[in-house]
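**Q** Okay, here's the structure, questions in a sec.
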Amino acid sequence: MDADAFRAEFPVCARIAFLNAGSDGPVPTRGAEAAVRQVEHELHEGRAGRPHFERLLGMAGKLREQLAGLMACSPEDVALTRSTTDGVSTVMSALRLGPGDEVLTSDEEHPGLLAPLEAARRRRGFHVRIAPFAELADAIGPRTRLVACSHVSWVGGRVVDAAALAASDAMVLLDGAQGLGAVPTNPHELGCDFYAASGQKWLCGPDGSGCLYVRRHLADELDPPWPNYGSLADPSRPSDLDPHPGARRFDMGLSGPLFAWSLESVGLLADAGLDWVHERGTGLAARLADALAERGLTVSPRGRSTLVSWSSSDPEGDMAGLAANGIVVRYLPGRGLVRASVGAWSNEEDLDRLVAAAVR
Numbered sequence: 009m010d011a012d013a014f015r016a017e018f019p020v021c022a023r024i025a026f027l028n029a030g031s032d033g034p035v036p037t038r039g040a041e042a043a044v045r046q047v048e049h050e051l052h053e054g055r056a057g058r059p060h061f062e063r064l065l066g067m068a069g070k071l072r073e074q075l076a077g078l079m080a081c082s083p084e085d086v087a088l089t090r091s092t093t094d095g096v097s098t099v100m101s102a103l104r105l106g107p108g109d110e111v112l113t114s115d116e117e118h119p120g121l122l123a124p125l126e127a128a129r130r131r132r133g134f135h136v137r138i139a140p141f142a143e144l145a146d147a148i149g150p151r152t153r154l155v156a157c158s159h160v161s162w163v164g165g166r167v168v169d170a171a172a173l174a175a176s177d178a179m180v181l182l183d184g185a186q187g188l189g190a191v192p193t194n195p196h197e198l199g200c201d202f203y204a205a206s207g208q209k210w211l212c213g214p215d216g217s218g219c220l221y222v223r224r225h226l227a228d229e230l231d232p233p234w235p236n237y238g239s240l241a242d243p244s245r246p247s248d249l250d251p252h253p254g255a256r257r258f259d260m261g262l263s264g265p266l267f268a269w270s271l272e273s274v275g276l277l278a279d280a281g282l283d284w285v286h287e288r289g290t291g292l293a294a295r296l297a298d299a300l301a302e303r304g305l306t307v308s309p310r311g312r313s314t315l316v317s318w319s320s321s322d323p324e325g326d327m328a329g330l331a332a333n334g335i336v337v338r339y340l341p342g343r344g345l346v347r348a349s350v351g352a353w354s355n356e357e358d359l360d361r362l363v364a365a366a367v368r
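Going by the working numbering, the letters in the sequence shown line up with residues 9 to 368, in that order.
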């Protein structure tokens, strides 16, 4: 897809340099319009009866197929969740970990992973050990049952050595909040057992959307922590607690407007071509990192990703100053960093504006 045409799909990009998809991606016109159409349909046609429910199930099935396409996996291996944290919480609650077991994580994890991990530790009594992000594979020990870490670090954009993690006997849960939609994400190639991702970030979908990949043999062995109507193979016999085969047993509910928006947003990325989306975003991010470093800023260690962070003595003030100049980034609390998220919708002018405003 032509870069200008793709950028035009996101009206906010005509007004500001939007460089914060690591928090929330820009909203595409086609996604917003689809959500409005669905709300209008529900407003005038109502939400009662079997036709409405079957419509929602059909939308859920299509979205599951689209997300599976992004990850080159089977739709049966994808659950529809409400966030990356939902996926992490699901895995931590479903796994039968206990005293004597160890979960290994890193020093660059988001609260959305660490909070569910700590809650599970308190309930189950397993041990949590923290290692430097770049040294995770070497830190795996004989007691390590699970490695829970980011695919792409939210701190500076480093990419984990997933193959090295998969070479161990431990299960691997990847937090894909900064991965899916931004960089190539194939769970089979990564070798992970679980991959939790958000819909509102690099997929440009609505808040409250996400997905979870679960390796098939593990999915069929795990009970859904929050069984519901949609997770049951036969909802007419709820007391049997017989879940759907595959990852669908971990689904989190149904929403027509959310599904309508998500289908269009994910479809837009697919229409543009995932390879192009990944290459353009990561290429522009590398350009930005080089430009900031050349101007004397300290850029955090990073990999081939769409995140660029740099050191600041006043990151919150710098973020506010950039916002006043029509440049949207974020600061990372407690880390002394400002972070830009560069997507395929970004352009060179956005980056030049940021560099000029950041280097004073």
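The C-beta atom is built at its ideal place from N, Cα and C for all residues, glycine as well. All values reported here derive from a predicted model rather than from experimental measurement.
1. Cα-Cα, which of Pro341, Gly344, Ala364 and Ser263 is closest to Met67?
2. For Val367, is the classification buried or exposed, using 16 other Cβ atoms within 10 angstroms of its Cβ as the cut-off for buried?
3. Measure the CB-CB distance between Gly213 and Trp269 and report whether it falls below 9 Å.
4. Touching or not, the region 84-98 and the region 134-146, by the rule of three or more beta carbon pairs under 8 Å?
5. List the DSSP bridge partners of Ile3.
6. Hey, how far is the Cα of Gly351 from the Cα of Arg288?
7. Give me the Cβ distance between His286 and Val191, rounded to the nearest whole Å; I'm assuming they're in contact under 8 Å.
8. Could you tell me whether the Cβ atoms of Val337 and Leu300 are closer together than 9 Å?
9. For Phe61, count neighbouring Cβ atoms within 10 angstroms of its own Cβ and tell me buried if that reaches 16, exposed if not.
10. Any chance you could list the beta strand (DSSP E) runs of at least 3 consecutive residues sitting entirely within the region 262-306, in chain order?
11. Can we say the region 14-31 touches the region 341-350, given the rule of at least three CB pairs closer than 8 Å?
12. When DSSP labels each residue in this structure, what does Gly164 get in the three-state scheme?
13. Identify which residue in Gly187, Pro150 and Ser206 has its Cα closest to the Cα of Met179.
14. What is the rounded straight-line gap between the Cα of Phe258 and the Cα of Leu173?
15. Mapping DSSP to helix, strand and coil, what is Gly334?
16. Does the separation of the CB atoms of Leu182 and Cys200 fall below 9 Å?
17. DSSP has Ala156 in a bridge; who is on the other side?
18. Could you check the C-alpha separation between Gly69 and His252 for me, to the nearest Å?
19. I'd like the span of the alpha helix (DSSP H) that includes Phe61, first residue to last.
20. The beta strand (DSSP E) that contains Phe258, what's its start and end?
21. Between Pro107, Asp146 and Ala42, which has its C-alpha nearest Ala128's C-alpha?
22. Could you give the residue range of the beta strand (DSSP E) that holds Val86?
23. Please report the Cβ distance between Glu116 and Val163, rounded to the nearest whole angstrom; I am assuming they are in contact, meaning their Cβ atoms lie under 8 Å.
24. Please confirm whether Ser101 and Pro246 have their CB atoms less than 9 Å apart.
25. Would you kindly work out how many angstroms separate the C-alpha atoms of Thr152 and Leu105, rounded to a whole number?
26. Quick check on the burial criterion: 16 or more other C-beta atoms within 10 angstroms. Buried or exposed for Ala19?
27. If Ser319 and Gly344 are in contact, beta carbons under 8 Å, what's the gap, nearest whole angstrom?
28. Assuming contact is defined by CB atoms lying nearer than 9 Å, are Pro124 and Val155 in contact in what I supplied?
29. How many Å lie between Thr7 and Ser31 at the Cα?
30. Suppose you measure from the CA of Leu315 to the CA of Leu305; what does that come to, to the nearest Å?
31. Check the DSSP bridge columns for Phe26 and list the partner residues they point to.
32. If you follow the beta strand (DSSP E) that Gly218 is in, where does it begin and where does it stop?
**A** Concretely, from the data shown:
1. Ser263
2. exposed
3. yes
4. no
5. Because the chain spans 9 through 368 in this model, residue 3 falls outside it and cannot be assessed.
6. 7 Å
7. 6 Å
8. no
9. exposed
10. none
11. yes
12. coil
13. Pro150
14. 25 Å
15. coil
16. yes
17. Leu181
18. 14 Å
19. Arg58 to Met79
20. Segment: none, Phe258 is in no beta strand (DSSP E) and carries neither H nor E.
21. Pro107
22. Val86 to Thr89
23. 5 Å
24. no
25. 11 Å
26. This sequence places Pro at residue 19; Ala is not what is there. That one is exposed.
27. 6 Å
28. no
29. Because the chain is modelled from 9 through 368, residue 7 falls outside the range shown and cannot be assessed.
30. 15 Å
31. Val336
32. Gly218 to Val222
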